[in-house]
Every structure is written in C-alpha cells, then in structure tokens.
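What follows is one structure encoded as structure tokens, with my remarks underneath.
2 protein chains.
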Amino acid sequence: MDAKKRKKLEAKGWRVGSARDFLNLSDEEMALIELKISLGDTLQSKRKQKKMTQLELAKFLKSSQSRIAKMEAGDPSVSLDLLVKSLFSLGLSRRELSKVIS
Amino acid sequence: MDAKKRKKLEAKGWRVGSARDFLNLSDEEMALIELKISLGDTLQSKRKQKKMTQLELAKFLKSSQSRIAKMEAGDPSVSLDLLVKSLFSLGLSRRELSKVIS
DNA sequence: TTGTAATATGTCATATCTGACATACACTAT
DNA sequence: ATAGTGTATGTCAGATATGACATATTACAA
Numbered sequence: 392m393d394a395k396k397r398k399k400l401e402a403k404g405w406r407v408g409s410a411r412d413f414l415n416l417s418d419e420e421m422a423l424i425e426l427k428i429s430l431g432d433t434l435q436s437k438r439k440q441k442k443m444t445q446l447e448l449a450k451f452l453k454s455s456q457s458r459i460a461k462m463e464a465g466d467p468s469v470s471l472d473l474l475v476k477s478l479f480s481l482g483l484s485r486r487e488l489s490k491v492i493s
Numbered sequence: 392m393d394a395k396k397r398k399k400l401e402a403k404g405w406r407v408g409s410a411r412d413f414l415n416l417s418d419e420e421m422a423l424i425e426l427k428i429s430l431g432d433t434l435q436s437k438r439k440q441k442k443m444t445q446l447e448l449a450k451f452l453k454s455s456q457s458r459i460a461k462m463e464a465g466d467p468s469v470s471l472d473l474l475v476k477s478l479f480s481l482g483l484s485r486r487e488l489s490k491v492i493s
C-alpha cells in the first residue's frame, strides 16, 4: 500500500461501523479495507498490463470511468462484489485471486 | 458444492446480469456465485465449529438469523462484503480466507 | 503557453443489499 | 400428538452501492 492510498484511507470516507472516531476501526473493518485496496491495486495493474485506459476498461465492464477510478483508489463506496467481478471479467482465475489475497 | 446448494442455484434468484435466460450465466458471474457459495459453506462450518446457532451468530455479528441462513445458503441477495466481513469477524485471517478461495 | 488525453472527485437517481419481522419447515423429546 | 429449538423462506422500509454525468486535476505534447 503506497502513501497515496494510505492518505485516502486516513482522509475521508472510511469512518465505518460503530466506531465514529477518526481511524478508530475494528480489526475486521481494517482487514476488509486493506483487502479492497489490494484488489484495487490488482485491478489497476491488470488494466495497465492490457494497456487499457480507465475509459476503455469501463466500457468493457459496462461501468463508468469514474467507478473504475474509485475501484483503483480504494474508495469506500465500492463493493467487494464489484471488485471481484471486475477481476474475474479481466480473466483472473480463482487461484490467482487467492494469491492476491494471501 | 452439494446437491442442495446446486439446486438453489438452479432454482431461483440467480438470473443475473444481461443474460436473462435460465442458467445462461457468463463465466465471471458463475465464478462469483461459486465463490459466494464457498464462503457461505465456510461461514457455516466456522459457526458449527464454535457451536453457535444461527441466532447466536446473528447477535454476535449484529445481523439477523434470516440473513445468516441466507449467507450459508448462498442466497443471491447476500454480498461478498457481508460474507467476508462476517468471516473476518469470526477470526478468519486473510491467509485463511485465501485458502478458502483457492 | 495551449491543448488534449488520462485520471480523480463530487453528486445524484436508481438499483441492490440490509436487518428486522413473520412465518414455514425439520427434527427431537416428552 | 404437541411443544420446543433450530433453520429456511418471503417481504419490506431504510441503508448502501451503482452507472452516469459534470467538473477538476494531472501529465505530457506541440
């Protein structure tokens, strides 16, 4: 996780669950957020590997450029479902997904 | 995946995405569904391992018995987010999650 | 500089998921 | 049988995620 991502994490959005205070997240909330960030990073590298722009990927996935950007940035508004479905659509196998997670 | 789960899959709900026809699912839709079923199975075995009822688990997770049942059954209305968050709350590590997925 | 392509950010109506509830079903034990 | 306990299923109002759009920011040419 690079500095930019970390900053986003700290900055806004992710004040989830019952703990209202700044960065006062439970372990499982933290784990879920970090998981999403990993998947977002993977999505980005897969996209670049295929030399696609966010707009092109958006059309391919029948989504929108802004949502791709949010996925890659680890935005709190994106679901695991969308991330995983997108990775599968890009051809990631279940085993590869598992490697990303571990 | 046992027969009951498979039946549920075929029976109702999962007619997702652009393909309207019965069981006419794309590869990535299929992969996502099977992933959710695996996670649901894992949730159930973890719960039983802890000798909890669905109601007890529901209270622990601040959810409801019916939603636990749906998670374990692979109901199309449950998100990956909820499944993964629940598994993390039950103490599953990221590495263990990765093993379940692979 | 100016232009322009790529990416980031904010907002919103609609779609989907959520906990809660009611109720049905399955299985024991009495 | 019937009472009790656990699980499944259906529904719904409220909560959250979605694609779409507008606009901002960045990066890099000409």
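Protein sequences appear in the order of chains A and B. Numbering-wise (the working numbering), the first sequence opens with residue 392 and increments by one. Numbering-wise (the working numbering), the second sequence opens with residue 392 and increments by one. Every residue gets a Cβ at the ideal spot worked out from N, C-alpha and C, and that includes glycine.
Any idea if residue i is buried or exposed, counting beta-carbon neighbours within 10 angstroms, 16 or more meaning buried?
i: LYS476 of chain B; result: buried
i: ARG438 of chain B; result: buried
i: LEU473 of chain A; result: buried
i: LYS453 of chain B; result: exposed
i: THR433 of chain B; result: buried
Starting from the beta carbon of residue i, find every residue of chain B whose beta carbon is closer than 9 Å, and list them in chain order.
i: ARG438 of chain A; result: Here the premise fails: no neighbours, minimum Cβ distance about 16 Å.
Does DSSP put residue i in a helix, a strand or coil?
i: THR444 of chain A; result: coil
i: LYS490 of chain B; result: helix
i: VAL469 of chain B; result: coil
i: LYS453 of chain A; result: coil
i: GLY431 of chain A; result: helix
i: SER480 of chain A; result: helix
i: SER436 of chain A; result: helix
i: LEU416 of chain A; result: coil
Check whether the Cβ of residue i lies closer than 8 Å to any Cβ atom in chain B.
i: ARG458 of chain A; result: no
i: ASP432 of chain A; result: no
i: SER470 of chain A; result: yes
i: ALA464 of chain A; result: no
Please list, in chain order, the chain A residues whose beta carbon lies closer than 8 Å to that of residue i.
i: GLU419 of chain B; result: LYS476, PHE479 and SER480
Nearest chain A C-beta to residue i closer than 8 Å, yes or no?
i: LEU448 of chain B; result: no
i: ILE492 of chain B; result: yes
i: SER384 of chain B; result: Residue coverage of chain B in this structure runs from 392 to 493, which leaves residue 384 of chain B outside it and unanswerable.
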